[in-house]
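In the working numbering, the protein residues as written are 31 to 395.
We treat Cβ as the ideally placed atom computed from N, Cα and C, and that holds for glycine.
Computed from a predicted model, the values in this text were never measured in an experiment.
Contents: one structure, followed by commentary.
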Ligand SMILES: *Cc1c(COP(=O)(O)O)cnc(C)c1O
């Protein structure tokens, strides 16, 4: 088969031909044409969260984790105390990188099948006034749980603590409105629901907290304040930008707008997710999460009850039919994941379910 395999993964994901074709050109990083692309991408990103009044956006080279790390390095003072609301693997990663940068970290743990609890956050903040920043993962891609951003933001606002949101897998699909939801920083990336290719992350930083960020980062390349100042002054990236990724992102954003923006993208992903759940349940697969806490981004399924099942063989049998699954990321039970995001619709999801049905027959044979 010479058709590209369909990626049912939470990034990199399947992109359109138009996005791929945008990369067939070389750009000078000092050139006015490329600076104009960077400026237009930054402008469009702010529009998506209605944040032009309240926030700036700072793009950064690297995968999404680099930008989470940069956000913590840039926003949290060395004497700060970060509370991570932890219900999964990406929360644990955020706690780990914060600890490795020498910041004081606490975790408020919840079962990975449950959303984090704003009430428990409130009690924690009441008991411990030393917390300066809260980290929330909006959609915990580990299991696929949707966390209550608005309620957590409200508690943080009431207690006057900063909120850093990892919105990597939700941005551009789930509604995030900076006019109504108060956060100090929100992190996302090119290769997720915007359907660009991977290679840059970006951090929205609240203008009111920006000035205090000067000189905080212990890392040069992760310093978003420095990156911001340089970009404002010169229109250029501080260090070599992934030019092809940036122009592909501009093209992906143009298609996002043409599709109808965040609401249209959410509708398509929701349709994908429902088609996936219906198709898989008809095959006897059980989703790990209750429907009420399932984000329409990625679905965790329990491993099928087939003697001798292992993910590698299952993956290979589905791959042979043109679809790439994603391994599970839960600690206790055997699972696998299927992404609902990317430049795919219900047709591709239904074909994927068919491929999974055939793969299952292979395993049973
Ligand atoms: C994808 C993702 C990240 C970033 O992961 P990378 O491997 O660095 O791209 C961070 N947080 C969440 C919730 C994600 O889904």
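Closer than 7 Å to some heavy atom of ligand 1: that describes the Cβ of residue 41. Closer than 7 Å to some heavy atom of ligand 1: that does not describe the Cβ of residue 45. Taking 8 Å as the cut-off, the Cβ atoms of residue 205 and residue 282 do not count as close.
Put simply, of 240, 117, 210 the residue whose alpha carbon is nearest the alpha carbon of residue 169 is 117. Taking a contact to require three or more Cβ pairs closer than 8 Å, the region 347-357 and the region 313-322 do not qualify as touching. Looking at the DSSP output, residue 169 bridges to 176. Proximity of the beta carbon of residue 167 to ligand 1 is indicated: a heavy atom of the ligand is located closer than 7 Å. With respect to residue 294, residue 227 sits apart: the two C-beta atoms are not nearer than 8 Å. Sixteen is the threshold: since fewer than 16 other Cβ atoms of the shown chains lie within 10 Å of the Cβ of residue 69, the residue is exposed. By the 16-neighbour rule on beta-carbons within 10 angstroms, residue 363 is exposed.
Not one heavy atom of ligand 1 lies closer than 7 Å to the C-beta of residue 116. Contact annotation: the region 175-183 does not touch the region 86-99, with fewer than three C-beta pairs closer than 8 Å. Runs of the beta strand (DSSP E) spanning 3 or more residues and lying entirely within the region 192-219 occur at 192-196, 215-219, in chain order. Per the DSSP secondary-structure output, residue 309 pairs with nothing in a beta bridge. By the C-beta criterion, the region 97-106 is judged to be in contact with the region 213-221, since at least 3 inter-stretch pairs fall below 8 Å. Looking at the DSSP output, residue 36 bridges to 353.
DSSP, reduced to helix, strand and coil, places residue 274 within a helical segment of the structure shown. Residue 369 sits in a strand when the DSSP states are folded into three classes. Taking the Cβ of residue 260 as the reference point, every heavy atom of ligand 1 lies at 7 Å or farther away.
If you check the C-beta of residue 219 against ligand 1, you find a heavy atom less than 7 Å away.
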